[in-house]
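Convert by adding 241 to the 1-based position in the sequence shown; the result is the number in this note's numbering. From the three backbone atoms N, C-alpha and C, an ideal C-beta is built for every residue, glycine too. Fair warning: this is a prediction, and the values are worked out from it, not measured in the lab.
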Amino acid sequence: KTIDSIFHSTISELNRISATEAVLMFHGVKHCHSYLSQSCTTKLTKKCFSDSILPKNIISLAHETACNVLAPAFTKYLVKELQSAAYFSICYDISNKRNEKMLPIVAQYFSDFGVKHGIIEFIEQQDESADGLFANIKYVLESHELELEKLCSLGSDNTNVNVGNKHSVFSLFNELIPLLVQGNCYCHILHNSVKHEHDHLLFDIEAAILKIYSHFCRSSVRSLELTKYFDFIDQEQKVIKYM
242 KTIDSIFHST
252 ISELNRISAT
262 EAVLMFHGVK
272 HCHSYLSQSC
282 TTKLTKKCFS
292 DSILPKNIIS
302 LAHETACNVL
312 APAFTKYLVK
322 ELQSAAYFSI
332 CYDISNKRNE
342 KMLPIVAQYF
352 SDFGVKHGII
362 EFIEQQDESA
372 DGLFANIKYV
382 LESHELELEK
392 LCSLGSDNTN
402 VNVGNKHSVF
412 SLFNELIPLL
422 VQGNCYCHIL
432 HNSVKHEHDH
442 LLFDIEAAIL
452 KIYSHFCRSS
462 VRSLELTKYF
472 DFIDQEQKVI
482 KYM
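See the structure below:
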């Protein structure tokens with residue numbers, strides 16, 4: 242249903258309020274607004290349109306709406322499509338959030354509307370070993386009743402834990418799925434290539450960067466000229482704060 246069909250239909254007032262809360266929350270998440278910002282916007286809307294019944298009854302529980310309403314609904318829809326898909330791919334990468342290690346598991350698949358992707362699960366992963374990652378990813382797929390035989394490729398960054406030949410997450414999955422395709426991160430391949438090629442340069446690239454940085458940072462006149470140059474080529478200047 243479109244937004245117009247929801248708000249112009251003869252549904253109950255409670256459903257109209259619920260739909261409004263969900264739409265505002267989805268809009269905020271899509272544009273990367275914080276929960277605090279969205280709650281503040283809801284409170285401001287209630288004050289600006291105090292004579293309207295709909296805004297006055299909106300509850301500013303951004304975090305609860307996102308985690309307890311939208312996320313389960315989207316996950317359920319994603320899993321349902323994955324179960325009916327012929328094949329799907331999985332991609333994962335551990336990231337640090339403060340002192341916690343989070344593991345997002347993302348799926349990509351073909352649908353009637355083209356290639357689609359979405360997050361199946363977002364879990365805390367303290368054990369970064371190949372066995373630990375393999376066990377958790379396998380558990381997530383099986384808990385959502387996704388057939389391992391439909392898994393056609395596995396994507397991750399190029400570390401020994403993920404793609405090592407002898408004992409890695411990929412090798413463990415490959416034992417279960419012999420035709421599994423390894424998905425490489427080309428950014429990591431490029432980074433590693435440049436890193437090793439630096440050893441063959443005829444000059445010290447790090448020393449050159451330090452000298453260039455020192456040339457501009459010690460003079461306000463030079464910094465101003467550099468800013469004018471970026472304006473001339475219509476590029477955003479990104480200032481290096483620490484070197």
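Next item on the list: Name the two residues that bound the continuous beta strand (DSSP E) containing Y328.
Entry: Neither: Y328 is in no beta strand (DSSP E) and is coded neither H nor E.
Checklist line | Beta-bridge partners of S352, as assigned by DSSP | finding: The partner list for S352 (beta bridge, DSSP) reads G355.
Note to self: For a quick check, are the C-beta atoms of E362 and T306 less than 9 Å apart?
What the structure shows: No.
Next item on the list: Could you tell me which residues DSSP pairs with I346 in its beta bridges?
Entry: Looking at the DSSP assignment, I346 forms a beta bridge with Y333, E362.
Check: Which partner residues does V422 have in the DSSP bridge list?
Finding: Beta bridge pairing from DSSP links V422 with S394.
Next item on the list: Please say whether I446 and H439 have beta carbons closer to each other than 9 Å?
Entry: In contact: H439 and I446 (Cβ atoms closer than 9 Å).
Note to self: Check whether chain B comes within 9 Å of G269, counting only Cβ atoms and requiring the distance to be less than that.
What the structure shows: Protein chain content of the structure displayed is limited to a single chain, and chain B is not contained in it.
Check: How long is the line joining the alpha carbons of H274 and K284, rounded to whole angstroms?
Finding: Rounded to the nearest whole angstrom, the CA to CA distance from H274 to K284 is 15 Å.
Notebook entry, point to check: Any idea what DSSP makes of K338, helix, strand or coil?
Noted result: Strand, per DSSP.
Check: CA-CA distance, S253 and H268?
Finding: Taking the straight line from one Cα to the other gives about 23 Å.
Notebook entry, point to check: What separation, rounded to the nearest whole angstrom, lies between the Cα atoms of V402 and L395?
Noted result: Whole-angstrom Cα-Cα distance: 13 Å.
Next item on the list: In angstroms with no decimal places, state the Cα-to-Cα distance between S250 and Y318.
Entry: Here S250 scores only 48 on pLDDT, less than 50, and its place in the model should not be relied on; the value that follows carries that caveat. C-alpha separation (whole angstroms): 24 Å.
Checklist line | Residues of its chain near T468, where Cβ-Cβ distance is below 8 Å and the 5 sequence neighbours each way are ignored | finding: Q478.
Checklist line | For V480, three-class secondary structure by DSSP | finding: Looking at V480 - three-state DSSP - the assignment turns out to be coil, as it is neither helix nor strand.
Next item on the list: Return the residue from the list R257, L413, A326, K271 that minimises the CA-CA distance to K357.
Entry: Out of R257, L413, A326, K271, A326 has the C-alpha closest to the C-alpha of K357.
Check: So Y328 and K391 are in contact, right, with Cβ under 8 Å, and what is the actual spacing, rounded?
Finding: Taking the Cβ atoms as the reference, Y328 lies roughly 5 Å from K391, within the contact range of under 8 Å.
Margin query: Here's the rule I'm using: 16 or more other beta-carbon atoms within 10 Å means buried, otherwise exposed. How should Y470 be labelled?
Written below: By the neighbour-count rule (16 or more Cβ atoms within 10 Å), Y470 is not buried but exposed.
Note to self: Report the CB separation of R335 from I299 in whole angstroms; it is logged as a contact under 8 Å.
What the structure shows: The amino acid at residue 335 is misidentified as Arg; the sequence shows Ile. Taking a contact as a CB-CB distance under 8 Å, the pair I335 and I299 does not count as one, their CB atoms being some 37 Å apart.
Check: Do you know offhand how far K338's Cα is from I346's?
Finding: In a straight line, the C-alpha of K338 is about 16 Å away from that of I346.
Notebook entry, point to check: Would you say N415 and N399 are within 9 Å of each other, going by their C-beta atoms?
Noted result: In this structure, N415 lies away from N399, with their beta-carbon atoms at least 9 Å apart.
Check: How far does the alpha helix (DSSP H) with L442 in it reach, from first residue to last?
Finding: That residue, L442, is in no alpha helix (DSSP H); it is neither H nor E in DSSP.
Note to self: Tell me the rounded alpha-carbon separation between H385 and L277.
What the structure shows: Spanning the two alpha carbons is a distance of roughly 32 Å.
Checklist line | Close beta carbons around N433, own chain, < 8 Å, minus the five adjacent residues each side | finding: Its chain contains N399 as the residues whose beta carbon lies nearer than 8 Å to that of N433, once the 5 sequence neighbours on both sides are disregarded; these appear in chain order.
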